[in-house]
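In order, the protein sequences belong to chains W and R.
Sequential numbering of the first sequence, starting at -6, is according to my numbering.
Sequential numbering of the second sequence, starting at 4, is according to my numbering.
Where a beta carbon is used, it is the ideal one built from N, C-alpha and C, also for glycine.
On a predicted model such as this, the values are computed, not experimentally measured, just so you know.
Right, one structure below, let's go through it.
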Amino acid sequence: MANTTEFRTCPTTGLKVDLAAENLIKANAVAAIVFLAVGGLFGLLVALTRWPAVHFLPADWFYLALTAHGLDVLLVWIIFFEMAVLYFASAVLLGSRLAGPKWAWAGFGLMLVGAIITNIAVLRGQSSVMFTSYVPMMAEPPFYLGIILFAVGALIGCFVFFGTLVVAKQERTYQGSIPLVTFGALTAAIIAVFTIASGAIILIPTLLWSLGFVSYIDPLVYKTIWWGMGHSSQQINVSAHVAVWYAIAAMVFGAKPLSEKVSRMAFLMYILFLQLASAHHLLVEPGFSSEWKIFNTSYAMYLAVLGSMVHGMTVPGSIEAAQRARGLTKGMFEWLRKAPWSNPAFAGMFMSLVFFGFIGGISGVVMGTEQINLIMHNTLYVPGHFHGTVVAGTTLAFMAITYLLVPLIFRRELMFRKLAQWQPYVFGIGVAGISLFMMGAGTLGVSRRHWDMTFADAQLPFDYPAAAFLMMGLNGVFAVLATLGGIMFVVVVVGSVFFGRKLGRDEKPSYPEVPPQAAAVSHYGSSESLKIPGTVMLVGIFFVAFVLYYFVNWKYLSEIWPLS
Amino acid sequence: MAITPPSERIWWKEPIAKIELIWIVVAFTWGLIMFFMMIYWHGAGEQNLSNEAYKTTALKFSQKAEAMIDEYTVREENGFPVVHPPPGSEVYLIARLWQWSPILELEKDQSYRLHLSSMDWQHGFSLQPVNINVQVHPGYDMVVTIKPDQAGEYGVVCNEYCGIGHHNMVGKIYVVD
């Protein structure tokens, strides 16, 4: 088999690229972006409906659109793109052939068919059960079937990734240990296997239940195992987008991890502890002890949070060290001021890092505190939080690396450069606004997944405070901005992929600038002389914000009715 | 670089920079503080769930609720009974598509054992504007001891999606001096 594999040599990086892997990366990335566009459109409809002055969709369409939005962006877009990341981090970065490209195509086909089946099921209107599909609310059988097929396809992709690691090791395509980015992708793939297993354990019986072969599914058991998939799948995102941060830092700055050991240990924390997060969704449910809740919701004493906090220093730290080695040593922040802010790969990556930490990260830990969850559970604070993690974090990071994949993997010159340059800012600021205003509305009590916050047709009247309406209006405005950023992304990428100038076999792309290998910083000298004062300052600001916000919420909690 | 194998082959023996080590210790310590904060609040804080819960059925739960309604109804409002149970008693709130029943009238600074269960799908008990949010499951009777500390009129919004009438599912709790 090995001798039939065709390779090309990348003129920019010198990497040997398996053409089969390249085609799979292209297919998965294109499918991902199609579903991002579809899911993003549903998201806009949801936001316009929740904008009180617009109240766009009727109720049944709103719940349908919300179900489709969750599925298409939270699951389909992200997992398709992650498959592209897995193939890139294995075959391309290791200069190896992809193990079993036919299996990879079969997996891709299953994912595509599954995603389409579930989308059709939702559009038929009888499966508006939300992304979570909590029993005993029942969807039509194809709804579950599609998700199961999609998951099986993704599982095949994970095993192709594992197989490629084995092939590369056996065929000695690289020296020493796998690169850090590949290690991060491996973390994501291991978590993905756990995630998909959880999904199978609960969704297969649920499918049988909707077909009438199983009579009863306990709602608490469903929820516990479902979130073993639902939350862990978001941890795949975290691992994957952290790997993408490192990859962009390496490709744009030639940055080297400060310490391989520390960064890899941080990824290991993810593998060991992130899966406990199902508990985040069960903090105010009957039937669990507080001991169970505290241990699980904190990932065993916040050890996975520790992993993220470590990455939060080592990613910008490696960029700062690389910039300083290039002579940008003035003051605390010359390295950051003179960073390539007009390069969308860097701009998107850095905003993803900041928003993920400050918005998504802090709010997630606070909301996941056993007692504080009482004042946030199922309010709009929850989607506020995860738009900070999954959209401002993961989606923005994936968009950023796409700007490098277009010239390097699709071999096309990037078109509409001005548009590309502004895109991360428009999208990033839009999403940050969405997150913050939803969190604000949630703090004021506004329910998530709710069509009418005026309760116009309810039997008993109730009014949310006026500030909550303002928050939802602002949420709508920023959702429009984020949509604009999303459209800019799709235009730039689809335009370039189909109509961009084809790069010659040995031609280097002119944009975005990727530093030549020679400029790469290979060594920073001894660990004692490491100087990253700017990063230390940023991390310090983050830490103070974290501590203050954490205790402010305990204060809020202490003001509600005594409960026991 | 992060996209190439580590430049030091024996990378696991490389020393860690002091600044990284300091951050790891700070972050780990902060994690411990947050962990023990939850335990501390169980002793020192006033807002904790007892996690008291029982298996039940829609029929059993609604019978208990009906018994309470029959005994303590004081008036009617919009077709709902308004129930004024004695302080310290067992209080039942039924969640069903798409109502919270009955309307409760509680006394300020008195404790009540509030039982929550659903007759059909999952619902979310969201007491506003206090902003207390608890999940309500069918088949489970969850007991939360509440002690309203301010008189007024409170809304009970459903915040778990429960189908097309979800946004009309509003209940009410009065707290009187």
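Within the same chain, show all residues whose beta-carbon is closer than 8 Å to that of residue i, passing over the 5 residues directly before and after it, in chain order.
i, result
"ILE141(W)", "GLY107, GLY192, ALA193, LEU196, ILE197, LEU200"
"ASP53(W)", "GLY118, SER121"
"TYR215(W)", "TYR127, VAL128, ILE195, THR199"
"LEU531(W)", "PRO309"
"VAL375(W)", "MET360, MET369, GLY435, ARG441"
"TRP202(W)", "VAL128, MET131, SER208, TYR209, ILE210"
For chain R, find out if any of its Cβ atoms is closer than 8 Å to the Cβ of residue i; answer yes or no.
i, result
"HIS62(W)", "no"
"GLY324(W)", "no"
"LEU12(W)", "no"
"GLN119(W)", "no"
"GLY354(W)", "no"
"ALA58(W)", "no"
"TYR127(W)", "yes"
"TRP44(W)", "no"
"MET465(W)", "no"
Just to confirm my understanding: we take residue i, look at its own chain, exclude 5 residues before and 5 after, and list those with CB closer than 7 Å. What are they?
i, result
"ALA20(W)", "PHE101"
"TYR457(W)", "LEU437, GLY438, VAL439, MET446"
"LEU251(W)", "THR307, GLY310, SER311, ALA314, LEU523"
"PHE339(W)", "ILE241, VAL245, ALA332, PRO333"
"VAL235(W)", "GLY177, HIS304"
Grab the span of the beta strand (DSSP E) containing residue i for me, first residue to last.
i, result
"PRO94(W)", "First-last for PRO94(W): 94 to 116, but that is the alpha helix (DSSP H), not the beta strand (DSSP E)."
"PRO84(R)", "83 to 86"
"GLN168(W)", "Taken as a continuous stretch (DSSP letters only), GLN168(W) belongs to no beta strand (DSSP E), as it is neither H nor E."
"MET145(R)", "143 to 149"
Less than 8 Å between the C-beta atoms of residue i and residue j, yes or no?
i, j, result
"TRP14(R)", "SER311(W)", "no"
"ALA92(W)", "VAL153(W)", "yes"
"ALA58(W)", "PHE35(W)", "yes"
"GLY466(W)", "PRO129(W)", "no"
"VAL159(R)", "LEU119(R)", "no"
"ARG405(W)", "GLY493(W)", "yes"
"ASN134(R)", "ILE365(W)", "no"
"ALA451(W)", "VAL173(R)", "yes"
"ALA460(W)", "VAL424(W)", "no"
"GLY168(R)", "LEU109(R)", "no"
"ILE355(W)", "TYR542(W)", "yes"
Determine the closest residue to residue i out of the options, with distance taken between C-alpha atoms.
i, options, result
"ALA82(W)", "GLU15(W), LEU67(W), LYS411(W)", "GLU15(W)"
"PHE49(W)", "ASP445(W), MET104(W), LEU398(W), VAL484(W)", "ASP445(W)"
"LEU103(W)", "LEU68(W), SER89(W), TYR418(W), GLY139(W)", "GLY139(W)"
"PHE64(R)", "GLU108(R), MET40(R), GLY142(R)", "GLY142(R)"
"MET408(W)", "THR188(W), VAL485(W), VAL245(W)", "VAL485(W)"
"VAL383(W)", "LYS331(W), SER291(W), ASP65(W)", "ASP65(W)"
"ILE18(W)", "LYS9(W), LEU8(W), ALA61(W), TRP98(W)", "TRP98(W)"
"PHE491(W)", "SER126(W), ARG1(W), LYS9(W), VAL23(W)", "VAL23(W)"
"PRO88(R)", "LEU100(R), ASN81(R), ALA68(R)", "ALA68(R)"
"ARG90(W)", "LEU105(W), GLY33(W), LYS9(W)", "LYS9(W)"
"SER256(W)", "MET222(W), GLN227(W), GLY488(W), PRO172(W)", "PRO172(W)"
"PHE482(W)", "LEU86(W), TYR292(W), GLY533(W), TRP415(W)", "TRP415(W)"
"ALA30(W)", "THR5(W), VAL69(W), THR(-2)(W)", "VAL69(W)"
"PHE420(W)", "MET431(W), ILE402(W), HIS380(W), LYS286(W)", "HIS380(W)"
"ILE106(R)", "SER121(R), GLN113(R), ALA98(R)", "ALA98(R)"
"GLU75(W)", "PHE403(W), PHE288(W), PHE349(W), ALA182(W)", "ALA182(W)"
"SER489(W)", "VAL473(W), VAL399(W), LEU412(W), LYS95(W)", "VAL399(W)"
Spatial neighbours of residue i within its chain, please: CB distance less than 6 Å, with the 5 preceding and 5 following residues excluded, ordered by chain position.
i, result
"GLU93(R)", "ARG116"
"VAL237(W)", "ALA390, ILE394"
"ALA185(W)", "CYS151, ILE229"
"GLN316(W)", "TRP328"
"THR60(W)", "VAL115, SER121, MET123"
So, does the CB of residue i fall closer than 8 Å to a CB anywhere in chain W?
i, result
"THR148(R)", "yes"
"ARG99(R)", "no"
"PHE64(R)", "no"
"MET122(R)", "no"
"PRO141(R)", "yes"
"VAL85(R)", "no"
"ALA5(R)", "yes"
"ALA30(R)", "yes"
"GLN113(R)", "no"
"SER129(R)", "yes"
"PRO90(R)", "no"
"ILE167(R)", "yes"
At which residues does the alpha helix (DSSP H) containing residue i begin and terminate?
i, result
"GLY158(R)", "Element bounds for GLY158(R): not the alpha helix (DSSP H) but the beta strand (DSSP E), 155 to 161."
"GLU11(R)", "Element bounds for GLU11(R): n/a, residue is neither H nor E."
"ASP53(W)", "52 to 62"
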